[in-house]
Amino acid sequence: MDTLQFLADGFGVAFQWHNILFAFVGVVIGTAVGVLPGIGPMSGVALLIPVTATITSGMPTGAAAASSIILLAGVYYGAMYGGSTTSILLNTPGESSSVVTTLDGYQMARQGRAGAALAISAIGSFCAGIVSLIGLVLLAEPLSNVAIKFGPAEYFSLMLLGLAAVSGLAGKSMTKALIMTVFGLMLGTIGIDAVSGIARFTYDQPILFSGLEFLTIAVGLFALGEVFKTILERDEESGAIAKIHRILPTKQDMKDSAVPIARGSLLGFFIGVLPGAGATLASFFSYMTEKKFSKNPDSFGKGNIAGVAGPESANNAASGGAMIPLLTLGIPGSGTTAILMGALIMYNIQPGPLLFDEHPEVAWGLIASMFIGNLMLLVLNMPLVRLFAKIIQTPKKYLIPIIVAISFFGVYAVQYTTFDLYLLLGCGVLGYLLSKNDYPVAPLVLALVLGPMIENNMRRALTISNGDFSIFVTKPLSLVFIIAAVAWLLVPLLLKLRGRKVIINEEG
Amino acid sequence: MNKKFDRFSGVAFLLIGIIFLIESQKISDSAYGSSVGPKIFPMGLGIILIALSIRLLYETFKYKTEESKEEKLQYKKFLIIFGSAVLYAFFLEKIGYVVSTFLFLLIAFQTMERGKTVTSVIIAGVFSFGIYYLFSELLGGSLPGFPLF
Numbered sequence: 001m002d003t004l005q006f007l008a009d010g011f012g013v014a015f016q017w018h019n020i021l022f023a024f025v026g027v028v029i030g031t032a033v034g035v036l037p038g039i040g041p042m043s044g045v046a047l048l049i050p051v052t053a054t055i056t057s058g059m060p061t062g063a064a065a066a067s068s069i070i071l072l073a074g075v076y077y078g079a080m081y082g083g084s085t086t087s088i089l090l091n092t093p094g095e096s097s098s099v100v101t102t103l104d105g106y107q108m109a110r111q112g113r114a115g116a117a118l119a120i121s122a123i124g125s126f127c128a129g130i131v132s133l134i135g136l137v138l139l140a141e142p143l144s145n146v147a148i149k150f151g152p153a154e155y156f157s158l159m160l161l162g163l164a165a166v167s168g169l170a171g172k173s174m175t176k177a178l179i180m181t182v183f184g185l186m187l188g189t190i191g192i193d194a195v196s197g198i199a200r201f202t203y204d205q206p207i208l209f210s211g212l213e214f215l216t217i218a219v220g221l222f223a224l225g226e227v228f229k230t231i232l233e234r235d236e237e238s239g240a241i242a243k244i245h246r247i248l249p250t251k252q253d254m255k256d257s258a259v260p261i262a263r264g265s266l267l268g269f270f271i272g273v274l275p276g277a278g279a280t281l282a283s284f285f286s287y288m289t290e291k292k293f294s295k296n297p298d299s300f301g302k303g304n305i306a307g308v309a310g311p312e313s314a315n316n317a318a319s320g321g322a323m324i325p326l327l328t329l330g331i332p333g334s335g336t337t338a339i340l341m342g343a344l345i346m347y348n349i350q351p352g353p354l355l356f357d358e359h360p361e362v363a364w365g366l367i368a369s370m371f372i373g374n375l376m377l378l379v380l381n382m383p384l385v386r387l388f389a390k391i392i393q394t395p396k397k398y399l400i401p402i403i404v405a406i407s408f409f410g411v412y413a414v415q416y417t418t419f420d421l422y423l424l425l426g427c428g429v430l431g432y433l434l435s436k437n438d439y440p441v442a443p444l445v446l447a448l449v450l451g452p453m454i455e456n457n458m459r460r461a462l463t464i465s466n467g468d469f470s471i472f473v474t475k476p477l478s479l480v481f482i483i484a485a486v487a488w489l490l491v492p493l494l495l496k497l498r499g500r501k502v503i504i505n506e507e508g
Numbered sequence: 001m002n003k004k005f006d007r008f009s010g011v012a013f014l015l016i017g018i019i020f021l022i023e024s025q026k027i028s029d030s031a032y033g034s035s036v037g038p039k040i041f042p043m044g045l046g047i048i049l050i051a052l053s054i055r056l057l058y059e060t061f062k063y064k065t066e067e068s069k070e071e072k073l074q075y076k077k078f079l080i081i082f083g084s085a086v087l088y089a090f091f092l093e094k095i096g097y098v099v100s101t102f103l104f105l106l107i108a109f110q111t112m113e114r115g116k117t118v119t120s121v122i123i124a125g126v127f128s129f130g131i132y133y134l135f136s137e138l139l140g141g142s143l144p145g146f147p148l149f
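One line per chain: the protein sequences are A and B, in this order. Under my numbering, the first sequence is numbered contiguously, ending at residue 508. Under my numbering, the second sequence is numbered contiguously, ending at residue 149.
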């Protein structure tokens, strides 16, 4: 019953008028971010952190954190809805988890069924959002109760597992992903050591004492990296946008997609809970599953509605599922959740098992707002889809410079130093070069966020054991995590050696 | 895959690892009450990065460079926008947010695509003044507003 009481309190938070507004703004911007090709959920969320930080600056910490995270999470799952729009209408995915949707979605649009495809993906996303939220509500308490018994050794190993999971699946080369992870951890050591108070790698520059700001690096790597890519590599202007005739799907469409939606939601949720396996993988798996279960698999790729309904549900369910390890364990499983975690840490709120005890208004307020947000998205995406489709036509000429200006404003308004602006520009160039050459930047950001925590837990564990490193393998739970982490890195390698094709996750 | 870039970055990361390792030796390792000082973690990271970058360099000898299509990158556009962004950062505190943002946007709009000067001026003006007004006047934030003479 406790859970229900907490959930009710959460709705109390979510129904405060400003939080309803925040959720609404979040999902609207999220949908726009999903629709605009070039801005993914990661850069969308990163760009908005400073904006929300300034808007909420007058509120008490807990309430400010709750409101910001409501908005930012809204951007995250809103982008999952919006990403399908361009996939269907333009054959260009707005973000990477909608790649699969282009296969059947665009074919449907060419047959004049764009409206039905868009409606089904909105309905599927809504069902999936609700399914993953119910899972979140059911699993949150028990999981955080388990996690609360963890000692520093267990935490250290668990975080290693988180890093291994994201690096093991990201990008084309695991070596590069691991280099990015280690590099991120290194950047995290710059500044004054929290335990001993000794300055590390600061070279007497006062600006470095507090370390490199996570926000500047994330905005630079993701948002500016994308911007520079767009400026340098002029994308081919895509063809005509498919017309939307009728929005409501037919009865037959609904019947055909009910089962795929249910399957996609469950599958996506469980894939989302696994760290490292993000929404892209979920939508891909769902597509394969639907093809396998279908009576005529040949119709896939030619406009089968199941090929839209399943994957679109799966990628939304995955983004809900990914909130579970973030909120209960404090381990973000993907680039976007790492950015959300960084945002919470900016408010001095530590995601993890204690979150539900110490800041129930943040945890449950967020969960409750996701119910409301999903409902808003359904309403927005059904009747207003024509309006959102117009966003595609925003000229890049204006969009690109404005993104630069927004990131400047955001970083400066939070940091008040021009040093961070130069750092921002530097990270932008780095972000462009790295991701162009298949160095995934998501593990870097994740490592930057987790780095200080990993180090502190490591040192606390070693202090307990008097410097004996065996503490990490003699504690049974910690051993399990370490074995899992090693397996996560080795299994894909072994599969590759045996000539199996390994699915890689290109999303962050 | 770009072999040249990978070799270059392999060497760069190798150097970073070595520098990190050497520099971490300078961090004092005394921290009372604890047998593990602030030095261990960076030192370990340095060693791992060295190992990984050697592995990366080794990998670049194994794969063949894929036929990459010659892309025409728009360096000129990029350099103008990047340069004006650096100037934007430099002048932000000196001539204030509104003027520097307006100028940056105007230059960047015109660099992206020539023409439609009036629209560019309007959008740049509305954005720079709008953000400043919303943030400083309505929300009470602080931005260096206008040049101080």
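Glycine included, C-beta positions come from ideal geometry on N, C-alpha and C.
Between A/A368 and A/V13, the gap from beta carbon to beta carbon is short of 9 Å. By the beta-carbon neighbour count (other beta carbons within 10 angstroms, threshold 16), A/D468 is exposed.
Boundaries of the alpha helix (DSSP H) around A/F126: 114 to 147. Along the length of the stretch 34 to 72 of chain A, whole alpha helix (DSSP H) runs at least 4 residues long occupy 41 to 55, reported in chain order.
A/F126 is positioned such that its CB atom lies no closer than 9 Å to that of A/L494. The residue among A/S43, A/Q107, A/M80 with its C-alpha nearest the C-alpha of A/L90 is A/Q107.
In this structure, DSSP gives A/G191 an extended state, which the three-state scheme calls strand. Shown here for A/V146: not one same chain residue has a beta carbon closer than 6 Å to its own, the five before and five after excluded.
Distance from the Cα of B/F127 is smallest, within the candidate group A/A461, A/Q415, A/F409, for A/F409.
Relative to the Cα of A/M323, the nearest Cα in the group A/M288, A/G135, A/L380 belongs to A/G135. Segment contact: the stretch 262 to 275 of chain A against the stretch 66 to 79 of chain A, fewer than three CB-CB distances shorter than 8 Å; contact not assigned. As for any beta strand (DSSP E) of minimum length 3 sitting wholly inside the stretch 3 to 34 of chain A, there is none.
Taking one beta carbon from each stretch, the stretch 440 to 448 of chain A and the stretch 327 to 346 of chain A have 3 or more pairs nearer than 8 Å; the two touch. A residue is called buried when at least 16 other Cβ atoms come within 10 angstroms of its Cβ; A/A66 meets this threshold and is buried.
No Cβ-Cβ contact shorter than 9 Å links A/G310 with A/G105.
Runs of the beta strand (DSSP E) lying entirely within the stretch 280 to 352 of chain A and spanning at least 3 residues: none are present. Around A/L326, no beta-carbon contact reaches into chain B at under 7 Å, the shortest distance being about 24 Å. Closest option to A/G115, judged by alpha-carbon separation, among A/P275, A/P249, A/F293, A/P332: A/P249.
Closest in alpha carbon position to A/N437, among A/S319, A/N348, A/K229, is A/K229. For the stretch 36 to 64 of chain A, the residues whose beta carbon sits under 8 Å from a beta carbon of chain B are, in order, T54, I55, S57, G58.
Interface with chain A (9 Å Cβ-Cβ cutoff): B/K77 is included. Residues of the stretch 212 to 233 of chain A whose Cβ lies closer than 7 Å to any Cβ of chain B, in chain order: F228, I231, L232, E233. For B/I95, no CB of chain A lies under 9 Å from its own CB, so it is not counted at the interface with that chain. Residue burial annotation: A/P332 is buried, with at least 16 other C-beta atoms found within 10 angstroms of its C-beta. Here A/L185 has A447, G451 as same chain residues with Cβ atoms under 6 Å from its own Cβ, once five neighbours each way along the sequence are excluded. Minimum Cα-Cα distance from A/N304 among the listed residues A/I120, A/T54, A/G30 corresponds to A/I120.
For A/T189, the chain B residues whose C-beta falls within less than 9 Å of its own C-beta are F20, S24, P38, F41, P42, L45, listed in chain order. Assignment of B/R114 by DSSP, reduced to helix, strand and coil, places it in the coil class. Using beta-carbon distances, A/D193 counts as an interface residue toward chain B, with a partner under 9 Å. In this structure, the beta-carbon distance from A/I88 to A/A242 falls below 9 Å. Not a single CB atom of chain A sits nearer than 9 Å to the CB of B/R7. Cβ atoms of A/N457 and A/M159 come within 8 Å of each other, at about 7 Å.
For A/M108, the uninterrupted alpha helix (DSSP H) segment begins and ends at 99 to 110. For A/M458, the chain B residues whose C-beta falls within less than 7 Å of its own C-beta are F41, listed in chain order. In this structure B/V86 is exposed. Its beta-carbon is surrounded by fewer than 16 other beta-carbon atoms within 10 angstroms. Apart from sequence neighbours up to five positions away, the residues of its chain that approach A/P443 with a beta-carbon distance below 6 Å are V166, S167, A170, A177, M180, T181, ordered along the chain.
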